[in-house]
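Asks: Dropping a structure here in structure tokens format, bear with me for questions.
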Amino acid sequence: MKVLVPVKRVIDYNVKVRVKPDGSGVDLANVKMSMNPFDEIAIEEAVRLKEKGAATEVVAVSCGVAQCQETLRTAMAIGADRAILVECADELQPLAVAKLLKALVDKEQPGLIILGKQAIDDDCNQTGQMLAALAGLPQGTFANKIEIADGFVKVTREIDGGLENLRIKLPAVVTADLRLNEPRYVTLPNIMKAKKKPLEVVKPADLGVDVTPRIKTIKVTEPPKRGAGVKVADVAALVAKLKNEAKVI
Amino acid sequence: MAVLVIAEHDNASIRGATLNTVTAAVQCGGEVHVLVAGCNAGPAAQAASAISGVSKVLHADAPAYEHGLAENMAALVVGLAGAYSHLLFPATAGGKNVAPRVAALLDVAQISDAHRVISADTFERPIYAGSAIATVQSLDPIKVITVRTTGFDAAGQGGSAAVESVAAAADTGMSSFLGSEIAKSDRPELTAAKIIVSGGRALGSSEKFGDVLTPLADKLGAALGASRAAVDAGYAPNDWQVGQTGKIVAPSLYIACGISGAIQHLAGMKDSKVIVAINKDPEAPIFSVADYGLEADLFVAVPELVSSL
Numbered sequence: 008m009k010v011l012v013p014v015k016r017v018i019d020y021n022v023k024v025r026v027k028p029d030g031s032g033v034d035l036a037n038v039k040m041s042m043n044p045f046d047e048i049a050i051e052e053a054v055r056l057k058e059k060g061a062a063t064e065v066v067a068v069s070c071g072v073a074q075c076q077e078t079l080r081t082a083m084a085i086g087a088d089r090a091i092l093v094e095c096a097d098e099l100q101p102l103a104v105a106k107l108l109k110a111l112v113d114k115e116q117p118g119l120i121i122l123g124k125q126a127i128d129d130d131c132n133q134t135g136q137m138l139a140a141l142a143g144l145p146q147g148t149f150a151n152k153i154e155i156a157d158g159f160v161k162v163t164r165e166i167d168g169g170l171e172n173l174r175i176k177l178p179a180v181v182t183a184d185l186r187l188n189e190p191r192y193v194t195l196p197n198i199m200k201a202k203k204k205p206l207e208v209v210k211p212a213d214l215g216v217d218v219t220p221r222i223k224t225i226k227v228t229e230p231p232k233r234g235a236g237v238k239v240a241d242v243a244a245l246v247a248k249l250k251n252e253a254k255v256i
Numbered sequence: 023m024a025v026l027v028i029a030e031h032d033n034a035s036i037r038g039a040t041l042n043t044v045t046a047a048v049q050c051g052g053e054v055h056v057l058v059a060g061c062n063a064g065p066a067a068q069a070a071s072a073i074s075g076v077s078k079v080l081h082a083d084a085p086a087y088e089h090g091l092a093e094n095m096a097a098l099v100v101g102l103a104g105a106y107s108h109l110l111f112p113a114t115a116g117g118k119n120v121a122p123r124v125a126a127l128l129d130v131a132q133i134s135d136a137h138r139v140i141s142a143d144t145f146e147r148p149i150y151a152g153s154a155i156a157t158v159q160s161l162d163p164i165k166v167i168t169v170r171t172t173g174f175d176a177a178g179q180g181g182s183a184a185v186e187s188v189a190a191a192a193d194t195g196m197s198s199f200l201g202s203e204i205a206k207s208d209r210p211e212l213t214a215a216k217i218i219v220s221g222g223r224a225l226g227s228s229e230k231f232g233d234v235l236t237p238l239a240d241k242l243g244a245a246l247g248a249s250r251a252a253v254d255a256g257y258a259p260n261d262w263q264v265g266q267t268g269k270i271v272a273p274s275l276y277i278a279c280g281i282s283g284a285i286q287h288l289a290g291m292k293d294s295k296v297i298v299a300i301n302k303d304p305e306a307p308i309f310s311v312a313d314y315g316l317e318a319d320l321f322v323a324v325p326e327l328v329s330s331l
């Protein structure tokens, strides 16, 4: 079984995000970029499936600017066998990405597609579900655990209040939640090996996909600042404030 | 054109998140209809008809909808979508699962986590863990939106909408429900609680997390929450996690105990009305958003707080 794993290049988890003064977006010039953390979990899961013998090949895909090649090299250093970049300098929204991925699913015919549940930049949480819809595949989102057997995947999902288990027919789309696994550290020998793995570059037009945005960003602003309040001296002072000033208890 | 709210419910009653979503729907303009899709969900449909501002309830009843499987739910909603300008889902685990599937089938974009309605096609939503707020305009004929419930008040009662049955779509048979593990608790639901007591890694173990925070939560009738660090360390269950990738909460009172206050955590709770931080590190970022900061050892301060309430 072939496993396809889409990965996104995003601002690094630890970078403090700054809104541009002209309100056109956030400042991405000269900031550290990394693989979206949820996508790292998705790649790790796919590589573990291959190591267990449940998968035969892991293909990483990214849609975006030329620098996404670095993200794909990281995916191959974790253990993906090869990579495809759909290169596009324009803004790509989740629906457009899902359409690009659908075209690649048609071409590659994977048995399983694993994505991160959301990207930490736009926080959309859409692409996996959209891809499943467009490809006519079932979906197991927010996966905490997956088991493959007999043409089905059993997905333990994180839902409000606990967990639920679904049995889903393959091929299927799974999206990774935070605790599906802990991604391995990438080693130097694997980074070197990844440089030699095949990386194919295609354009949206090659896949026949129109990526025109359907949502217009009018402005991006700083969130309202919540001012620091006061420090209280002790528990008695805290209780007095909560009772008499805030009146919340 | 009307607005359709896809209700979150347990077949017997309507979940709170639906009420906030109805308020957002009213602000979009037009009549508000609510879809209750479930199995033996008559009582939930009746409850939906009593929500103020709702003019019609659509009730689809079939075994295929019992567990809200995305494939079946999306097929049903897509079949009804033609009559609506907006499809609104609460941004809960259930809503986030189904809404993008619906949007893609309709070939329209989705706006996630809208927390403010500017006009019928323009909305505000947080991005980058709430570090920035984007104002976005949908250019599509049907607006598919998940609603961040903390951005809207809950709709009241007093409505008397008609309940209309709608035919169920065929079961797609693509996935099946095996079971669930839902922790039974007498505490209020995290996202609906008026008071939340939340703990961080400083608690040190799951036993101490329970021993120290449970008495305070009991005394206040509060829900329990946790930071990602505490959940990662195994001190608290996954679904207690408050933050960018966990639950978004806005209670009247949020008491953060031993939580440093990473931006990803603040993203989940900074809209709380009153924030209390108890932390022994005077430099902890949580103090920069707290209304009342107590610089103290939580193992001393929290029991003292319990006994003085």
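If you read the sequences in order, they're chains L and H. Residue numbers for the first sequence follow my numbering, beginning at 8 and rising by one. Residue numbers for the second sequence follow my numbering, beginning at 23 and rising by one. Beta carbons are placed, not taken as given, at the ideal position from N, Cα and C, and that holds for glycine.
Verify the CB distance criterion: does Pro-122/H have a CB-CB separation below 7 Å to chain L?
Replies: Reading the second sequence from its first residue, position 100 is the one you call residue 122/H. So, interface residue.
Asks: Can you list the residues of chain L that Gln-266/H reaches, using a CB-CB cut of under 8 Å?
Replies: Reading the second sequence from its first residue, position 244 is the one you call residue 266/H. Against chain L, a Cβ distance below 8 Å from Gln-266/H picks out Ile-127, Asp-130.
Asks: Using a Cβ cut-off of 8 Å, pull out every chain H residue sitting near Met-226/L, in sequence order please.
Replies: Counted from its first residue, the first sequence places residue 226/L at position 219. A small fix is needed here, since residue 226/L is Lys in this sequence, not Met. Near Lys-226/L (Cβ distances below 8 Å), the residues of chain H are Ala-156, Thr-157.
Asks: Rounded to the nearest angstrom, what separates Lys-223/L and Asp-303/H at their Cα positions?
Replies: Residue numbering aside, residue 223/L sits at position 216 when the first sequence is read from its first letter. Residue numbering aside, residue 303/H sits at position 281 when the second sequence is read from its first letter. Going by the C-alpha atoms only, they are around 43 Å apart.
Asks: Per DSSP, which one or two residues make a beta bridge with Ala-190/H?
Replies: Mapped onto the second sequence, residue 190/H falls at position 168. None; Ala-190/H has no bridge partner.
Asks: Determine which residues of the segment 211-225 of chain L have a Cβ less than 7 Å from any Cβ of chain H, and write them out in chain order.
Replies: Arg-221, Ile-222, Lys-223, Thr-224, Ile-225
Asks: Helix, strand or coil: which one does DSSP assign to Gln-266/H?
Replies: In the second sequence, residue 266/H corresponds to position 244, counting from 1. In the structure shown, Gln-266/H sits in coil (DSSP, three-state: anything other than H, G, I, E or B).
Asks: Have a look at Cys-50/H and Val-166/H and give me their C-alpha separation to the nearest angstrom.
Replies: To locate residue 50/H, count along the second sequence from 1; it is residue 28. To locate residue 166/H, count along the second sequence from 1; it is residue 144. Rounded to whole angstroms, Cys-50/H to Val-166/H spans 12 Å at the Cα level.
Asks: Looking only at its own chain, which residues have a Cβ that is under 7 Å from the Cβ of Lys-250/L, when we skip the five neighbours before and after it?
Replies: In the first sequence, residue 250/L corresponds to position 243, counting from 1. Taken in chain order, the residues that qualify are Ile-256.
Asks: Looking at C-alpha atoms only, which residue of Gln-116/L, Arg-174/L, Asp-157/L is the closest neighbour of Thr-163/L?
Replies: On the first sequence, residue 163/L is found 156 positions in, with the first residue counted as 1. It is Arg-174/L whose Cα lies nearest to the Cα of Thr-163/L.
Asks: Find the residues of chain L that neighbour Leu-242/H, judging by a C-beta separation of less than 7 Å, and give them in chain order.
Replies: Here residue 242/H refers to the residue found at position 220 when the second sequence is read from its first residue. Within 7 Å Cβ-Cβ: Ile-256.
Asks: Under three-state DSSP, which class holds Asp-129/L?
Replies: By 1-based counting over the first sequence, the position of residue 129/L is 122. If DSSP states are grouped into helix, strand and coil, Asp-129/L belongs with coil.
Asks: Just curious, the alpha helix (DSSP H) that Lys-302/H is in, first and last residue?
Replies: Your numbering for residue 302/H matches position 280 in the second sequence. No alpha helix (DSSP H) holds Lys-302/H; DSSP gives it neither H nor E.
Asks: Please decide whether Val-239/L counts as near chain H, where near means a Cβ-Cβ distance under 7 Å.
Replies: Along the first sequence, one-based indexing puts residue 239/L at 232. So, interface residue.
Asks: Please name the residue, chosen from Gln-266/H, Thr-267/H, Leu-246/H, that lies closest to Tyr-257/H on a Cα-to-Cα basis.
Replies: The residue you call residue 257/H lines up with position 235 of the second sequence. For Tyr-257/H, the nearest C-alpha among the options comes from Leu-246/H.
Asks: As a quick exercise: from Ile-218/H, Gly-226/H, Lys-206/H, pick the residue whose alpha carbon is nearest that of Pro-237/H.
Replies: Counting from 1 along the second sequence, the entry for residue 237/H is found at position 215. Of the listed residues, the one whose Cα sits closest to Pro-237/H is Ile-218/H.
Asks: Near Gln-263/H, which residues of its chain fall below 7 Å by C-beta distance, leaving aside the five closest residues on each side in sequence?
Replies: Residue 263/H sits at position 241 when you count from the first residue of the second sequence. Sequence-distant Cβ neighbours of Gln-263/H in its own chain, meaning closer than 7 Å and more than five residues away, are Ala-248, Arg-250, Val-253, Lys-269.
Asks: For Lys-210/L, count neighbouring Cβ atoms within 10 angstroms of its own Cβ and tell me buried if that reaches 16, exposed if not.
Replies: Numbered from 1 along the first sequence, position 203 holds the residue referred to as residue 210/L. Flag for Lys-210/L reads exposed.
Asks: Please classify Ile-204/H: does DSSP put it in a helix, a strand, or coil?
Replies: Walking along the second sequence from the start, residue 204/H turns up at place 182. Ile-204/H: strand per DSSP, three-state reduction.
Asks: In whole angstroms, what is the alpha-carbon distance linking Asp-184/L and Asp-34/L?
Replies: Position 177 of the first sequence, counting from 1, holds the residue named residue 184/L. Position 27 of the first sequence, counting from 1, holds the residue named residue 34/L. Taking the straight line from one Cα to the other gives about 27 Å.
Asks: Note down, one range per segment and in chain order, each beta strand (DSSP E) of at least 3 residues found wholly within the segment 82-106 of chain L.
Replies: 89-94
Asks: Please list the residues of the segment 63-80 of chain H that have a C-beta atom closer than 9 Å to any C-beta atom in chain L, keeping them in chain order.
Replies: none
Asks: Once DSSP output is grouped into helix, strand and coil, what is the label at Gln-179/H?
Replies: Position 157 of the second sequence, counted from the start, is the residue given in the question as residue 179/H. Looking at Gln-179/H - three-state DSSP - the assignment turns out to be strand.
Asks: Starting from Thr-236/H and walking both ways along the alpha helix (DSSP H), at which residues does that stretch end?
Replies: Against the second sequence, residue 236/H aligns to sequence position 214. Its alpha helix (DSSP H) spans residues 228-242.
Asks: Distance check for Gly-221/H and Ala-235/L, CA to CA, integer angstroms please.
Replies: Numbered from its first residue, the first sequence carries residue 235/L at position 228. Numbered from its first residue, the second sequence carries residue 221/H at position 199. One C-alpha to the other measures close to 20 Å.
Asks: Excluding the five sequence neighbours on either side, which residues of its own chain have a C-beta within less than 8 Å of the C-beta of Thr-228/L, listed in chain order?
Replies: Numbered from 1 along the first sequence, position 221 holds the residue referred to as residue 228/L. Taken in chain order, the residues that qualify are Val-26, Gly-30.
Asks: Using a C-beta to C-beta distance shorter than 7 Å, which residues of chain C count as neighbours of Gln-133/L?
Replies: Looking at the structure shown, chain C is missing, and the protein chains on hand are L and H.
Asks: With C-beta atoms as the reference, is Ala-272/H less than 7 Å away from Thr-172/H?
Replies: Here residue 272/H corresponds to residue number 250 of the second sequence, with the count starting at 1. Here residue 172/H corresponds to residue number 150 of the second sequence, with the count starting at 1. Yes, the pair counts as a contact, with Cβ atoms nearer than the cut-off.
Asks: Can you list the alpha helix (DSSP H) stretches of 4 or more residues lying completely in the segment 168-225 of chain L, in chain order?
Replies: 195-202
Asks: Do Gly-75/H and Val-56/H have their CB atoms nearer than 7 Å?
Replies: Looking up residue 75/H in the second sequence gives position 53. Looking up residue 56/H in the second sequence gives position 34. Not closer than 7 Å, so no.
Asks: State the Cα-Cα distance for the pair Ser-182/H and Leu-141/L, rounded to the nearest angstrom.
Replies: Start at 1 with the first residue of the second sequence, and residue 182/H comes out as number 160. Start at 1 with the first residue of the first sequence, and residue 141/L comes out as number 134. Rounded to the nearest angstrom, the two C-alpha atoms are 38 Å apart.
Asks: Could you tell me the alpha carbon to alpha carbon distance between Ala-84/L and Val-65/L, rounded to whole angstroms?
Replies: Taking the first sequence and counting its residues from 1, the one referred to as residue 84/L is at position 77. Taking the first sequence and counting its residues from 1, the one referred to as residue 65/L is at position 58. One C-alpha to the other measures close to 12 Å.
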